[in-house]
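J.: Handing you a structure now.
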Amino acid sequence: MTARRVPLTGLPPRLPGLRLVLPLALIVPLGFAITNIARTGQLDPGPMDLAVAFVALVAVASAALAVSGYRGDPLIFPVAATIGGLGLVMLNRLPQQPLGLNLFGVELGMAATQLVWFCLGVTVMLVIALRLRDDGFLRHFKYTWALAGALLLVITFLFGREVNGARLWLYLGPFGFQSGEAIKVSLVVFIAGYLAENRRVLAGASLRLGRLRLPPVPYLVPLVAVFVAVMLVVVISRDLGTALLFLGIFLTMLFVATGRRSYVLMGLLLFVAGSLVAYQLFGHVRVRVDNWIDPFVDPTGAGYQTVQALYAFGRGGLFGSGLGQGLPMVGGHLPIPALPTDFIFAGIAEELGLIGAAGLLGLMLVLVVRGLRVAMLARDDFSAMLAVGLTLSLGLQTLIIAAGNLKLIPLTGITFPFVSYGGSSLLASFAVVGLLLSISHRTALAVAAEGAPDQ
Amino acid sequence: MIATNVRRLARYLVLAFAALWLGLGWWQVLEAPRLAARPDNPEVIAARRSALRGTIFDADGQVLASSVVIDGISRRTYGDPAFGHVVGYASLRYGTTGVEQAWDDLLTGRSDPNPLTDLVNDILDRDPQPRDLTLTIDRRLQDFAAAQLGTGVGAVVAIDPSTGAILAMVSTPTFDATGFSGDPTAAEAAWLALADVPNHPLLDRTRRGHYTPGSVLKILTAAAALDSGVITPQTTYPDQPAQETDGFVVSGFTIREHPLGEVAPALWPLSPALQVSSNIFFAHVGLDLGEGRFLDYARRFGFCAPLRIGSAERFLAVDASYVSGRTDDGCASFIDRVELANAAYGQARTEVTPTQMALLAATVANGGLMPSPFVVRDVRVHAGDPLAGPDGRVLESYAGDLRRVIGSEAAADLRTAMVDAVHGELGRRYAGAGAVTLYGISGVLTAGKTGTAERGGGLAPHAWFIGFAPAQDGATPAIAIAVIVEGGLSGSVGAAPIGGAVMAEWLRLLGSGAG
Numbered sequence: 005m006t007a008r009r010v011p012l013t014g015l016p017p018r019l020p021g022l023r024l025v026l027p028l029a030l031i032v033p034l035g036f037a038i039t040n041i042a043r044t045g046q047l048d049p050g051p052m053d054l055a056v057a058f059v060a061l062v063a064v065a066s067a068a069l070a071v072s073g074y075r076g077d078p079l080i081f082p083v084a085a086t087i088g089g090l091g092l093v094m095l096n097r098l099p100q101q102p103l104g105l106n107l108f109g110v111e112l113g114m115a116a117t118q119l120v121w122f123c124l125g126v127t128v129m130l131v132i133a134l135r136l137r138d139d140g141f142l143r144h145f146k147y148t149w150a151l152a153g154a155l156l157l158v159i160t161f162l163f164g165r166e167v168n169g170a171r172l173w174l175y176l177g178p179f180g181f182q183s184g185e186a187i188k189v190s191l192v193v194f195i196a197g198y199l200a201e202n203r204r205v206l207a208g209a210s211l212r213l214g215r216l217r218l219p220p221v222p223y224l225v226p227l228v229a230v231f232v233a234v235m236l237v238v239v240i241s242r243d244l245g246t247a248l249l250f251l252g253i254f255l256t257m258l259f260v261a262t263g264r265r266s267y268v269l270m271g272l273l274l275f276v277a278g279s280l281v282a283y284q285l286f287g288h289v290r291v292r293v294d295n296w297i298d299p300f301v302d303p304t305g306a307g308y309q310t311v312q313a314l315y316a317f318g319r320g321g322l323f324g325s326g327l328g329q330g331l332p333m334v335g336g337h338l339p340i341p342a343l344p345t346d347f348i349f350a351g352i353a354e355e356l357g358l359i360g361a362a363g364l365l366g367l368m369l370v371l372v373v374r375g376l377r378v379a380m381l382a383r384d385d386f387s388a389m390l391a392v393g394l395t396l397s398l399g400l401q402t403l404i405i406a407a408g409n410l411k412l413i414p415l416t417g418i419t420f421p422f423v424s425y426g427g428s429s430l431l432a433s434f435a436v437v438g439l440l441l442s443i444s445h446r447t448a449l450a451v452a453a454e455g456a457p458d459q
Numbered sequence: 011m012i013a014t015n016v017r018r019l020a021r022y023l024v025l026a027f028a029a030l031w032l033g034l035g036w037w038q039v040l041e042a043p044r045l046a047a048r049p050d051n052p053e054v055i056a057a058r059r060s061a062l063r064g065t066i067f068d069a070d071g072q073v074l075a076s077s078v079v080i081d082g083i084s085r086r087t088y089g090d091p092a093f094g095h096v097v098g099y100a101s102l103r104y105g106t107t108g109v110e111q112a113w114d115d116l117l118t119g120r121s122d123p124n125p126l127t128d129l130v131n132d133i134l135d136r137d138p139q140p141r142d143l144t145l146t147i148d149r150r151l152q153d154f155a156a157a158q159l160g161t162g163v164g165a166v167v168a169i170d171p172s173t174g175a176i177l178a179m180v181s182t183p184t185f186d187a188t189g190f191s192g193d194p195t196a197a198e199a200a201w202l203a204l205a206d207v208p209n210h211p212l213l214d215r216t217r218r219g220h221y222t223p224g225s226v227l228k229i230l231t232a233a234a235a236l237d238s239g240v241i242t243p244q245t246t247y248p249d250q251p252a253q254e255t256d257g258f259v260v261s262g263f264t265i266r267e268h269p270l271g272e273v274a275p276a277l278w279p280l281s282p283a284l285q286v287s288s289n290i291f292f293a294h295v296g297l298d299l300g301e302g303r304f305l306d307y308a309r310r311f312g313f314c315a316p317l318r319i320g321s322a323e324r325f326l327a328v329d330a331s332y333v334s335g336r337t338d339d340g341c342a343s344f345i346d347r348v349e350l351a352n353a354a355y356g357q358a359r360t361e362v363t364p365t366q367m368a369l370l371a372a373t374v375a376n377g378g379l380m381p382s383p384f385v386v387r388d389v390r391v392h393a394g395d396p397l398a399g400p401d402g403r404v405l406e407s408y409a410g411d412l413r414r415v416i417g418s419e420a421a422a423d424l425r426t427a428m429v430d431a432v433h434g435e436l437g438r439r440y441a442g443a444g445a446v447t448l449y450g451i452s453g454v455l456t457a458g459k460t461g462t463a464e465r466g467g468g469l470a471p472h473a474w475f476i477g478f479a480p481a482q483d484g485a486t487p488a489i490a491i492a493v494i495v496e497g498g499l500s501g502s503v504g505a506a507p508i509g510g511a512v513m514a515e516w517l518r519l520l521g522s523g524a525g
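Protein sequence lines, in the order shown, are assigned to chains L and R.
In terms of the working numbering, the first sequence is numbered consecutively and its last residue is 459.
In terms of the working numbering, the second sequence is numbered consecutively and its last residue is 525.
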């Protein structure tokens, strides 16, 4: 099945979608104002330039979609932007000093830096959503994408910079990015391409061994080989969070393509076995797991961040302490050093309470459900599988990091999509949204074309 | 078909997000109170910094510890270094110890003695109300005991035998906690200076000092043997007189007597054996008791497990004392008969705390009923002006309870032998210095026992004394005591005089209307 070539622009604009940006226009400035009032103790909203810039950015992007005749899912971008807005409010509330970007000699605070990345991310999203006429270059060159991802991985492994015991950062001059984010997207493209092509074989045929029905192993080999190679490097780089995420995406996509739970089951069995081995072999895995079982054994050492995160959840309670009024400083520092990145969910839960944190998860769930809806409506297997994989890359990542914060699973350092501080994560997340928008848009146009009697 | 699977996937993902919501509810609602009470929670630390802390008074209403808030930072002042260990300290930087630690929730007002008030305060979001504590210890006796120890290294623990109220609890060398609990800018220097003081001033020897008891443990052996009927006050061992000079061979190991000086060996029953502190006699008693009964009685007296001074909710923890090797859950079995025989007179792997030995003396004094010790007498409403004394409103008061450990007859027999050990013809030369009559109290008998704990390695032995007074028939003992002086040479010289003087001081204070 080949993609239908359709005009992407030049359609009459649709403006009602713009309404969905309105709540955001309220939330972000209000969050900034509350933070400033709590900080200064005076009834003064404080500087609003970042808030206004963010709202303007989202409004312009929405308008660009509307004016260009975007016909796809109307909720995905506004919801993603709202999630990002909450993150920006939180980052603006944190001390701005230690982190930030130096842009042409101007020292930017953390929130300002994040806003710069928002601009880049939204631009990337718009380019993908509005200019991607055809996904052929994705589907036909799936091995190329896999190779590009693998190459990036190897380069990172060889030349990357080590941060917190894991080698995840690739530096080009002064600009660093976490290559795992780009690899994630290219891996999803590869798996989607492979599964779309082979899913009937994988779902239907099976090797019979007596009464046992085994999966058609030969057809799985290329897929598993690429995946295992990626996983190996990721695991060696000690990036446990990304490893878990990749495995989750892989198994879930396999399940969606074939409908066979046995794949997932086998994968999970292998995962459990691998985890047990890793626990025995690697100190850093052992530390994570022991720390998960009882962080209070070493509350000032290995368990420090986990324990402090739990305290933050506890302090927040049902309604939260209010922006700028939680997160007591310990010796002039945040109680949780990795608060802007790995533990931002705990910070939001403290200041906005269970209501706010549950709401944030709810927004993410809306995004996930809309993404899956794009997959269900998609007109061809590749688009459907791609939409599933992209949605999972956001949804599973949220589940893994939030569950890690909540001590439901061992903590692994990955970002909360759209919320955590970090440019690579934002760029990748908006690229994912851009791809989802483009699939959705093309589907809508195809449906319209089929429905039109004179075509 | 993909669409069907996607729908199934959506259902699973909704379930997964629901699990996160449950997780949020667990930590933010259900577990939140428990997390909020943990002392290393930054919120708790921040609250401590600025919160007023309750006052600690002695039994007589004298201020021992009080706080003021200056520039939003709570500073604590301690009035009497003699109370350094029992009161402990509450330092923002260096943590809390002693009563300050165990009663921290009441002193800070984090919780209220009345759970209902607690709930109401929580619902109304009221500010914490600090509470004041009154100790059972009279500052005059505590200071006197500290002065008696002087520059020596050691400990004194005194208990009211009939109630369990702690009367004195001194460990030397001591320290002044004001330096590192008051002005935060000076805290570090004051704390570091402590490191230069010899003999570990921060160690609370009353509760955490582990000492070989030597002969004072014979009181435990005798109590067990008398109560179980293994011996009577008249029981003798025919081989004993010869063994006093030749040694007592147990499983190939020869137990030797300590130098008896001018005392000629004879066939001794309990009283003279206790007076001269015959190791041979008590080795026989220990072997006759056997491992099972010996360990059983040791446990009844509180050995082999940590002790608590206070209630089940709030207490000062006392390290476990041992009559044999230590295991994770108490006293080990004896390796052989040699160890049992040596333990029976307080050597081998025996290891005790001064608090445990004071309780042993108090139990004998109280006719075999062991009191449960307590050091905080009551909790009161915070007094606005501490120097004007405690507030009249008592929120909760404590009292110990009593537990029968040995029969009253066995206790009476043992008391007689211990009185002989102080006043008897033979005993006088050992424990005579423990008699309160030497310190200006007339008409009162004293019961006591000295101990000299060999340390080996050429180190001077530790000096022990345990005892109680008044100990004559029909009198109710008012004080039981344990004294240890590290390297004090012998119990007679190093410890008994301190024991006698402190007991005499208490009887004097009682006579003048204290307590």
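Every residue, glycine too, gets a C-beta built ideally from N, C-alpha and C.
None of these values were measured; they are calculated from a predicted model.
Taking the runs of the alpha helix (DSSP H) that are 4 residues or longer, which of them lie wholly in the stretch 52–120 of chain R?
T.: Listed in chain order, the complete alpha helix (DSSP H) runs (minimum 4 residues) inside the stretch 52–120 of chain R are 52–60, 94–97, 108–112 and 114–118.
J.: To test your reading of the DSSP string, which unbroken alpha helix (DSSP H) runs of 4 or more residues are found completely within the stretch 250–324 of chain R?
T.: DSSP runs (the alpha helix (DSSP H)) wholly in the stretch 250–324 of chain R: 250–256, 280–285 and 289–310.
J.: On the three-pair Cβ rule with 8 Å, is the stretch 315–334 of chain L touching the stretch 395–406 of chain L?
T.: Contact between the stretch 315–334 of chain L and the stretch 395–406 of chain L is absent, because fewer than three Cβ pairs lie under 8 Å.
J.: Is T363 (chain R) helix, strand or coil by DSSP?
T.: In this structure, T363 (chain R) counts as coil in the three-state DSSP scheme.
J.: Report yes if the CB atom of D142 (chain R) is closer than 7 Å to the CB atom of H392 (chain R), and no otherwise.
T.: Going by C-beta atoms, D142 (chain R) is nearer than 7 Å to H392 (chain R).
J.: Check the Cβ-Cβ distances between P303 (chain L) and every residue of chain R, and say whether any is below 7 Å.
T.: Cβ-Cβ to chain R under 7 Å: yes for P303 (chain L).
J.: Please state if the CB of G360 (chain L) and the CB of G318 (chain L) are separated by a distance shorter than 7 Å.
T.: Cβ distance not < 7 Å, so G318 (chain L) and G360 (chain L) don't count as in contact.
J.: Alpha carbon to alpha carbon, what distance is there between Q111 (chain R) and A524 (chain R)?
T.: Its pLDDT being 49, under 50, A524 (chain R) is placed unreliably in this model, and the coordinates cannot settle the point.
J.: Just grab the DSSP bridge partners of T462 (chain R) for me.
T.: T462 (chain R) is bridged to R:A473.
J.: Thinking C-beta only, is V83 (chain L) closer than 7 Å to L367 (chain L)?
T.: Contact: yes.
J.: For L412 (chain R), report the span of its beta strand (DSSP E) as first-last.
T.: Run containing L412 (chain R): L412 to R414, per the beta strand (DSSP E) assignment.
J.: Can you look up G340 (chain R) in the DSSP assignment and give me helix, strand or coil?
T.: Strand, per DSSP.
J.: What's the gap between the Cα of L155 (chain L) and the Cα of G245 (chain L)?
T.: Rounded to the nearest angstrom, the two C-alpha atoms are 20 Å apart.
J.: Quick one: which residues of the stretch 315–327 of chain L get their C-beta closer than 8 Å to a C-beta of chain R? List them in chain order.
T.: Correct list: Y315, F317, G318, R319, G320, G321 and L322.
J.: Got a sec: is the Cβ-Cβ distance from A53 (chain R) to anything in chain L below 7 Å?
T.: Here residue 53 (chain R) turns out to be Glu, not Ala, going by the sequence shown. With 7 Å as the cut-off, E53 (chain R) counts as an interface residue toward chain L.
J.: Could you tell me the alpha carbon to alpha carbon distance between G450 (chain R) and T242 (chain R), rounded to whole angstroms?
T.: Those two C-alpha atoms are separated by around 35 Å.
J.: Can you give me the C-alpha to C-alpha distance between E41 (chain R) and R48 (chain R), rounded to a whole angstrom?
T.: Near 11 Å, if we compare the C-alpha coordinates of R48 (chain R) and E41 (chain R).
J.: Taking the straight line between their C-alpha atoms, what separation do you get for G302 (chain R) and L317 (chain R)?
T.: Using only the alpha carbons, I get a separation of about 22 Å.
J.: Is there a C-beta anywhere in chain L that falls below 7 Å from the one on L27 (chain R)?
T.: Reading off the sequence, residue 27 (chain R) comes out as Phe, not Leu. Yes, F27 (chain R) counts as interfacial toward chain L.
J.: May I ask you to report which of helix, strand or coil DSSP gives R44 (chain R)?
T.: Reduced to three states, the DSSP call for R44 (chain R) is helix.
J.: Determine whether the Cβ of P332 (chain L) lies closer than 7 Å to any Cβ atom of chain R.
T.: Taking Cβ atoms only, chain R reaches closer than 7 Å to P332 (chain L), which makes this a yes.
J.: What's the call for G82 (chain R), buried or exposed, on a 16-neighbour Cβ count within 10 Å?
T.: By the neighbour-count rule (16 or more Cβ atoms within 10 Å), G82 (chain R) is not buried but exposed.
J.: Taking the alpha carbon of A282 (chain L) as the point to measure from, which residue in L:L269, L:I240, L:Q312 and L:G305 has its own alpha carbon closest?
T.: Comparing Cα positions, the closest option is L:I240.
J.: For L376 (chain L), which residues in chain R fall below 7 Å Cβ to Cβ?
T.: Under the 7 Å cutoff, chain R gives V16, L19 and A20.
J.: If the criterion is Cβ atoms closer than 7 Å, does the pair A441 (chain R) and A506 (chain R) meet it?
T.: It is a contact, given that the beta carbons lie within the stated cut-off.
J.: So that I know if they touch, is there some Cβ in chain L lying closer than 7 Å to that of L476 (chain R)?
T.: It is Ile, not Leu, that sits at residue 476 (chain R) in the sequence shown. Closer than 7 Å: no.
J.: Go to T144 (chain R), then tell me how far its beta strand (DSSP E) extends in each direction, as first and last residue.
T.: It spans R141 to L145 - the beta strand (DSSP E) in which T144 (chain R) sits, taken as one unbroken run.
J.: Tell me, please, whether the stretch 244–258 of chain R touches the stretch 385–399 of chain R by the rule of three or more beta-carbon pairs shorter than 8 Å.
T.: No, they do not touch.
J.: So the candidates are L:F58, L:L322, L:L47 and L:D346; which of them puts its Cα closest to the Cα of L26 (chain L)?
T.: Nearest C-alpha to L26 (chain L): L:F58.
J.: Give the interface partners of V260 (chain L) over in chain R, defined as CB-CB distance under 9 Å, in chain order.
T.: What V260 (chain L) touches in chain R: I12, N15, V16, R18 and L19.
J.: On the three-state DSSP scale, how would you describe M129 (chain L)?
T.: Residue state, collapsed to three classes: helix.
J.: If you pair each beta-carbon of the stretch 373–381 of chain R with each one of the stretch 167–179 of chain R, do three or more pairs fall below 8 Å?
T.: Short answer: they touch.
J.: Given that a residue counts as buried once 16 or more other Cβ atoms are within 10 Å of its Cβ, and exposed if not, what is R265 (chain L)?
T.: Its Cβ having fewer than 16 others within 10 Å, R265 (chain L) is exposed.
J.: Against E41 (chain R), what residues of chain L qualify as contacts under a CB-to-CB distance less than 9 Å, listed in chain order?
T.: Neighbours of E41 (chain R) on chain L, chain order: L314, F317 and G318.
J.: Look up Q182 (chain L) in the DSSP assignment and say whether it is helix, strand or coil.
T.: DSSP places Q182 (chain L) in strand when its eight states are reduced to three.
J.: Please report the straight-line C-alpha distance between V268 (chain L) and I80 (chain L), rounded to a whole angstrom.
T.: Their backbone Cα atoms lie some 28 Å apart in a straight line.
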